[in-house]
Amino acid sequence: MNIPILSSLILLPTIGAIFIFFSRSKNEKYNSSKYVALFITIANFFLSIYLWLIFDQSTSDFQFVETREWIPGFINYKVGVDGISILFIILTTFITPICVISVNKTIKSRLKDFLISILLLETLMIGVFCSLDLVIFYLFFEGGLIPMFLIIGIWGGERRVYSAFKFFLFTLLGSVLMLIAIISIYWLTGTTDVEKLYEIGIDAKYQNLLWLAFFSSFAVKTPMWPVHTWLPDAHVEAPTAGSVILAAILLKMAGYGFIRFSIGLFPIGSEYFVPLVYILSLIAIIYTSLVALMQEDMKKLIAYSSVAHMGFVTLGIFTLTQQGLEGGIFQMVSHGLVSAALFLCVGVVYERMHTRLIKDYGGLVSIMPKYAIVFMIFALGSLSLPGTSGFIGEFLILMGAFKKNFLVATVASIGVILGAAYILWLYKRVIFGKVKNQEVTKMLDLNKHEILILWSLAVPIIFFGFYPEPLINTMEVSINNLIDMYNTNLSNNIVMSK
Amino acid sequence: MNIDFNLILPEIFLSLSIMSLLMIGVFKKNSSNLVFNLSILTLFILAALILNLSSLNKILIFNSSYVIDDVANFMKILTAISAIFVLSISTDFLKSLKIYQIEYPILILCSILGMMVMISSNDLIVFYIGLELQSLALYVLAAFNRDNVLSSESGLKYFVLSALSSGLLLYGCSLIYGFTGSTNFNEIANNTNQVPYGLTFGIVFILVGLAFKISAVPFHMWAPDVYQGSPTSVTLFFALVPKIAATCVFIRFLYVPFVNMIEQWQMIIIFISIASMIFGAVAAIGQKNLKRLIAYSSIGHMGYSLAGIATGSSEGAQSSIIYITIYVIMNLALFCCLFMLKRNNAYFENIEDLSGLSKNHPILSLSLLVILFSLAGIPPLAGFFAKFYIFMAVIEQSMFFLAIIGLLSTVVAAFYYLRIIKIIYFDPSKEKYDSNHSLRLRISLIVSTIFLVFYFTYPNSLLGIISKINII
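These protein sequence lines map, in sequence, to chains R and H.
Counting in the numbering used here, the first sequence runs from 1 upward without gaps.
Counting in the numbering used here, the second sequence runs from 1001 upward without gaps.
Given below as structure tokens:
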């Protein structure tokens, strides 16, 4: 069987985008473009599910590898998936159609351009998760800046220009150092092929610097404290669909990058900088949770909660234990679903009231009971109640952390409590209490579209909360292999240095 | 002495065409259109003639004062092709300014002839003759819109400063002749085994002169004024074509006569390169006029192209050639857009005039979006690859300082490109511009934009040709 399934996954959204670009629909609503986009993204989702079904879980090798000569003798276009990246691909293809459905009302002008941006972004995001060459990875990773810049800048809120610039320049600044590191790796080893680099390894004396260069890029993107400040701005100003993609997928690129490149390529560097990551993650967890408590804007609150949750992810990844890594990945998938859902929930009420301030709401439970129910599920998912996918992730991360460092794990556990505090307080102020604002009484409950979108996110959150096996099984072998590789590399280095 | 005149057939053909075009223009009335079209045809034939030579190996003629090799052929073809585009897209502009005259294409052809000589020179005197032939034509072109104060001013300014730099360059040449006893590049290279101070001075003077020609910091002062003051079509020519020849001359000087003195010139080039990158990025931020902004951005771009040369490796020189090629295409596309900002026979060149362009002109704005992101060096557009090859070469020589400064200044530069995009896409829209552009203009814009977008699918298209070029 020789169908290039990964390349089709990558290319399909672009083809859709080109099609929409050239199609001229006469009515202003661009209904046809919307259906094309929906069709393409759903087809892509089923394709990725098919990929998951035929994916061989018993091996840690890269599968469905495609190699094509790109720049002869220098760089090959190489894509492939293992148990880690396939989960992110499915997350991407799952979230994108939801975004496309959700644009129905939120995007008033230039719907066509918006759909093109979303589709191109999907191409780039899938490309990031399956590229097996550093240069190709960089192309996809950076290319995503362009559509996201436009999404925030054109369809965003009042301070959209400031936020778009901040997003773009922060991320670019982080990434250029990674580019230097990638080129240096090429001159050190003669290849940028990730599989080959795993085999030959990188000279120990350069690893710390290279690790830092990659870290600068991923830390901005994750985002880690203290370079997280672009995220609340970008989230608040982006349109709902933009926030969803940003929170659910773009942030995960960095987490994925930590696993695939920082740990995979620079084990010695990773080991050396573990304390740094611990400290930054803990600050992110505690500090941003406290900041989130004090927010008056719902979107900003969720944005800060994203920083805190990603703090858990980086903590889990750099415990470098099997539980920690599995938890980190699980948490990323779960956070992808939960944060997407929370942003959509905010979008639902924002459309009706055109305000995101918490104090303008209150007492929604009697007016919008259906909304109150789904919001409850997502709030509980966010505070990682047992039975939701968030619990599995955070539990595994804390398990991994306790294995390595008791103090770190204890501090992180406080973060869990804070996480519960801000999200429940938000829920209480918005949903319960008395109706303070008379405008609220005129609000309509969820319509069919919204029910479809929100429940399609709620189902996997609960499902994976009770039955995490499919995800864990998929990634287990790859993670074992990664940790084995990591440990052998470390012990080899210790032997060599003696 | 047995000379194969076939080898300089392109130059001979060009000189004869210039003379006959001049005759046609003088003796036939209202012949502007004819002369324009014939000049474009001349350039096509010129490119074909050079292409015909490109299969040959390196050949030295005229007592080895003139060289024909891969670098020269590639750069000459690039010069000719970009001149074709320049001429064909500027006709409408010249007509509306009422300066659609026969002298215009003829002056351009003269300066092209000068560039051909510069590119192929292997001798200080031949080089200087080419340089002056080129510059004299450029002075007149800058002041071509003679009823306009700004244009006359820019012509004069360019003349005075350029004459000064030519003087310095000539002084450098004479110092080098004095210390090595020859004006031939290869002879100079053989006689520079020990380096007296005088020779170093000579190099410095020559580099100053050359840096002036490509408007690299700190010899950039003329560029913003001249770019802004000259008619836009002349600015387009300034921004593209002389840079190709000057880059080639830079490579030729540093890799042939001064090849043994890399310790002397490397620090100078690195300094010029870093200063240009930083200055170009920072100074462009506050600009309001698009042409002035392009001037600053081209200063920055020259910094990157010099960074490749600064490595002293042949990969570095190749990466500079790639950079200049992609730079030419990006700027060509940008100027096409500039020519499209026209309403009631008046052209607009302020950044504010782009406000909300995307509402009324979606295709034009999309092209601008691509061009500006490409200029900023964002993947996967062609501009990224230009920078990528440069930094490949720079890091190969372990010049991390240069690489880090260069990449950080791309972030600063990204800011002002983003600012234009913001004005196009995020700001409220203004009146519509004309949309009845000539076919030539449209085709040039579409071809160059498509190149910028799709270059990543087949990067070997350019790299394959250039990596075969033998630099030395």
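For every residue, glycine included, the Cβ atom is placed at its ideal position computed from N, Cα and C.
Quick caveat: nothing in here was measured; it's all calculated off a predicted structure.
- By the Cβ criterion, the stretch 71 to 87 of chain R is in contact with the stretch 470 to 487 of chain R, since at least three pairs of Cβ atoms, one from each stretch, lie closer than 8 Å.
- With a 10 Å radius around the Cβ and a threshold of 16 neighbouring Cβ atoms, valine 408 of chain R comes out buried.
- Taking a Cβ-Cβ threshold of 9 Å, the residues of chain R close to asparagine 1460 of chain H are Glu69, Trp70, Ile71 and Pro72, in chain order.
- For valine 1067 of chain H, the pairing in a beta bridge is given by DSSP as H:Leu1060.
- Listed as beta-bridge partners of alanine 420 of chain R by DSSP are no residues whatsoever.
- With three or more CB-CB distances shorter than 8 Å, the stretch 204 to 221 of chain R counts as touching the stretch 259 to 275 of chain R.
- Cβ-Cβ distances below 6 Å link threonine 321 of chain R to Gly400 and Lys403 in the same chain, with the five nearest sequence neighbours on each side left out; the list follows chain order.
- Listed in chain order, the alpha helix (DSSP H) runs fully inside the stretch 1205 to 1292 of chain H are 1222 to 1229, 1232 to 1255 and 1262 to 1283, counting runs of at least 4 residues.
- In the structure shown, the three-state DSSP call for aspartate 1147 of chain H is coil.
- Phenylalanine 1279 of chain H and valine 1328 of chain H have their C-alpha atoms roughly 20 Å apart.
- Interface annotation, threonine 1410 of chain H: in contact with chain R, CB-CB separation under 9 Å.
- When secondary structure is reduced to three states using DSSP, arginine 352 of chain R falls in the helix class.
- Residue contact with chain H for tryptophan 52 of chain R: absent (no Cβ-Cβ distance below 9 Å to any residue of chain H).
- The stretch 1294 to 1313 of chain H makes no contact with the stretch 1344 to 1359 of chain H: fewer than 3 CB pairs, one atom from each, lie closer than 8 Å.
- Distance from the CA of phenylalanine 375 of chain R to the CA of isoleucine 20 of chain R, rounded to the nearest whole angstrom, comes to 34 Å.
- Considering only beta carbons, the part of the stretch 153 to 185 of chain R lying closer than 8 Å to chain H consists of Gly153, Ile154, Arg160, Val161, Ala164, Phe165, Phe168, Leu169, Leu172, Leu173, Val176, Leu177, Leu179, Ile180, Ile183 and Ser184, in chain order.
- For alanine 341 of chain R, the CB contacts under 6 Å within the same chain, skipping 5 residues up- and downstream, are Phe378 and Leu457 in chain order.
- A residue is called buried when at least 16 other Cβ atoms come within 10 angstroms of its Cβ; threonine 229 of chain R does not meet this threshold and is exposed.
- Taking C-beta atoms under 8 Å as the contact rule, serine 1017 of chain H and alanine 1142 of chain H fail to qualify, at a distance of about 23 Å.
- For lysine 1422 of chain H, the nearest CB of chain R lies under 9 Å from its own CB, placing it at the interface with that chain.
- Comparing C-alpha distances from tyrosine 138 of chain R to each of R:Phe167, R:Asn405, R:Pro147 and R:Ile180 shows the shortest one belongs to R:Ile180.
- Note on geometry: alpha-carbon atoms of phenylalanine 1401 of chain H and leucine 1372 of chain H lie some 26 Å from one another.
- For tryptophan 187 of chain R, the chain H residues whose C-beta falls within less than 7 Å of its own C-beta are Ile1395 and Glu1396, listed in chain order.
- Classified as exposed, serine 1398 of chain H has fewer than 16 neighbouring CB atoms from the shown chains inside 10 Å of its CB.
- As for any alpha helix (DSSP H) of minimum length 4 sitting wholly inside the stretch 131 to 169 of chain R, the runs are 134 to 143 and 145 to 155, ordered along the chain.
- Annotated as distal: phenylalanine 312 of chain R and phenylalanine 261 of chain R, with beta-carbon spacing of 9 Å or more.
- DSSP places isoleucine 259 of chain R in the helix class (H, G or I) of the three-state scheme.
- Within chain H, Phe1373 and Ile1378 have C-beta atoms less than 7 Å from the C-beta of isoleucine 146 of chain R, given in sequence order.
- Contact check for isoleucine 423 of chain R and serine 389 of chain R: beta-carbon distance about 15 Å, past the 8 Å limit, so the pair fails to qualify.
- At least 9 Å separates the beta-carbon of tyrosine 371 of chain R from that of leucine 426 of chain R.
- Only residues of its own chain outside the window of five on either side were considered, and among them Tyr1100, Tyr1104 and Ser1233 have a CB closer than 7 Å to the CB of leucine 1094 of chain H, listed in chain order.
- Within chain R, the residues placing a beta-carbon under 8 Å from that of leucine 1407 of chain H are Val176, Leu177, Leu179 and Ile180, ordered along the chain.
- When DSSP states are grouped into helix, strand and coil, leucine 385 of chain R belongs to the coil group.
- Using a Cβ-Cβ cut-off of 9 Å, leucine 342 of chain R does not count as an interface residue toward chain H, since no Cβ of chain H sits closer than that to its own.
- Take leucine 1097 of chain H, set aside five residues on each side of it, and the residues of its chain with a beta-carbon closer than 7 Å to its own are Asn1145 and Pro1231, in chain order.
- The beta-carbon separation of leucine 1046 of chain H and alanine 1080 of chain H, rounded to 5 Å, stays under the 8 Å limit for a contact.
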